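Right, one structure below, let's go through it.
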Amino acid sequence: MWTEKYRPMKVSEMIGNEDSRRAFYEWLRGWRPGSTPVFLVGPPGIGKTTIVHAAANELGYFVMELNASDFRTKEKLERKLRGIGRITLTGEKTLLFLDEIDGLFSMEDRGGAEYLLNFIDKCEVPLVLAANREDLDFVKKLEKKVKVLRFRRIPLREIELYLRYILENEGLYASDDAIKSAVISSRGDVRAAINNLQSIITTGVPMGLYRDADYILTDVIKNAPLIKIKS
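Count the sequence shown with our numbering and you get residues 1 to 231, in order.
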C-alpha cells in the first residue's frame, strides 16, 4: 500500500501543520522527567500518528502505542499501563502514545477517563495523547493538564503536489482529472488521497468520498480556491 510505502520516517518529510509539527519535535527533543504531556487534536488522516512515529524515530524512542478506546475501564487501563519503564529491554527510550482518547467518553467508561486524568500526573515517560474531537467534557478537562497542539486538514494544494511526487517516484501517469478527483474527495485527509489515487491507478475507480464531510470555517478559507486543472 502506498500509504505505508510513503509514510514519512522524518518530520521534515511530512506536509502541512508546520507549526504544530515543529512544536511537537521540539517538545520531544527537550523532554525531561516532569515535562507536561502533549495532546494532539484534529481529524483523522492529517498526521497525528505519523508525527509521533517520525519524531520518535529521529530522536531514538520506542513508541508504545495503545488505542485508549480499547481499554475503557479503570482496571483495563491500569493493568496495561502499570510498570511502564523509561528504557526498554533493548536499551531504547520509551514514548507512550495513547490514541483516540475521545473514545473513553462513554456510558460504558466505568472510570477509564478519570484514571487517565490521574495517570497523567505520575507518568514517567514522554506521554502523547491524541483525539479527533475536543468538544467533549472529558477532553476539555484533559486540556487543562496538557500542552495542546491542534492539527488541521492539509491544504488541498499541498496534497496535490504530494500525489504528483508519488506518481513521479512510481514512474506512473495520471490525468489531471484523476488527480483532482483523488485530492478533492479526500477532504484534506492525506491517507484518503493516497488511497484514492492508488485505487484510480490500479482499478480506474476511486475508493469513494471521504467519510467526514465537515469542514470548519478556517479550513474552508485556507483550502480555497480549489485546485486548478489545466484545460
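No residue lacks a Cβ here, since even glycine has one placed at the ideal position from N, Cα and C. Only a predicted model underlies this, so the values are computations on that prediction, with no experimental measurement involved.
N-terminal and C-terminal residue of the beta strand (DSSP E) that residue i is part of
| i | result |
| --- | --- |
| R150 | K147 to R150 |
| T88 | Segment: none, T88 is in no beta strand (DSSP E) and carries neither H nor E. |
| L96 | K93 to D99 |
Exposure of residue i, with buried meaning 16 or more beta-carbon neighbours within 10 Å
| i | result |
| --- | --- |
| L48 | This sequence places Lys at residue 48; Leu is not what is there. Buried, since its Cβ has 16 or more Cβ neighbours within 10 Å. |
| V11 | buried |
| Y173 | exposed |
| M14 | buried |
| L149 | buried |
| R187 | buried |
| R82 | exposed |
| R22 | exposed |
| L161 | exposed |
As assigned by DSSP and simplified to three states, the class of residue i
| i | result |
| --- | --- |
| Y61 | strand |
| N232 | Residue 232 lies beyond the residue range present for the chain, which begins at 1 and ends at 231; the question has no answer from this structure. |
| V139 | helix |
| G112 | helix |
| V125 | coil |
| Y210 | Residue placement at Y210 is poorly supported in this model, since its pLDDT is 44, which falls under 50; the coordinates are not used for a value here. |
Reference residue i, options the options, closest by Cα
| i | options | result |
| --- | --- | --- |
| G45 | N132, I166 and V146 | N132 |
| G204 | S175, G188 and R187 | S175 |
| W31 | S199, V128 and R157 | V128 |
| I201 | I179, I154 and L98 | I179 |
| I101 | D137, L163 and A193 | D137 |
| T36 | K144, Q198 and M9 | K144 |
| G85 | E78, R79 and K93 | K93 |
| V139 | M9, G42 and M1 | G42 |
| D235 | F151, N67, F62 and K122 | Absent from the structure is residue 235, since the part of the chain shown begins at 1 and ends at 231. |
| V190 | L116, L156 and A54 | L156 |
| K5 | K147, N169 and S185 | N169 |
Span of the alpha helix (DSSP H) around residue i
| i | result |
| --- | --- |
| V205 | Per DSSP, V205 belongs to no alpha helix (DSSP H) and is neither H nor E. |
| A178 | D176 to S186 |
| I166 | L156 to E170 |
| K76 | K74 to L81 |
Please list the segments of the beta strand (DSSP E) lying wholly inside the segment 1-49, counting only runs of 3 or more residues, in order along the chain. Qualifying beta strand (DSSP E) stretches, in chain order: 38-41.
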